[in-house]
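Engineer:
In my numbering, the protein residues as written are 55 to 151.
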């Protein structure tokens, strides 16, 4: 037995709730949509991980470099993302959006 203690795993729904409470700007990577990502603030979600996103912005991604092209972003306002389409949710980097 190792002396290293493991952190208890946080359920995904709790992670989303923390982003909601802290009004963190997050980036959504979308299923089979590698050429764009969505950034915004979570304002609600349900048990299926459908997410309401405020101040949503569609950010194109360069296919070769994988870098976000923030200068070519499109503002979307408030949107609903179906949980089926979300591959990854992460806190957004502060620069850009």
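Glycine residues also receive a C-beta, built at the ideal position from the N, C-alpha and C atoms. Note that the coordinates shown come from a computational prediction; the quantities given were computed from them, not determined experimentally.
Is residue 134 near the ligand FAD, going by C-beta to nearest heavy atom under 7 Å?
Structural biologist: For the ligand FAD, the structure offers nothing, since it holds no ligand at all.
Engineer: Around the Cβ of residue 145, are there at least 16 other Cβ atoms within 10 angstroms (buried) or fewer (exposed)?
Structural biologist: exposed
Engineer: So is residue 93 buried or exposed if we call it buried at 16+ other beta carbons inside 10 Å?
Structural biologist: buried
Engineer: Consult DSSP for residue 114 and reduce its assignment to one of helix, strand or coil.
Structural biologist: strand
Engineer: Using a Cβ-Cβ cut-off of 8 Å (strictly less than) and excluding sequence neighbours within five positions of residue 104, which residues of its own chain qualify?
Structural biologist: 134, 135, 136, 137
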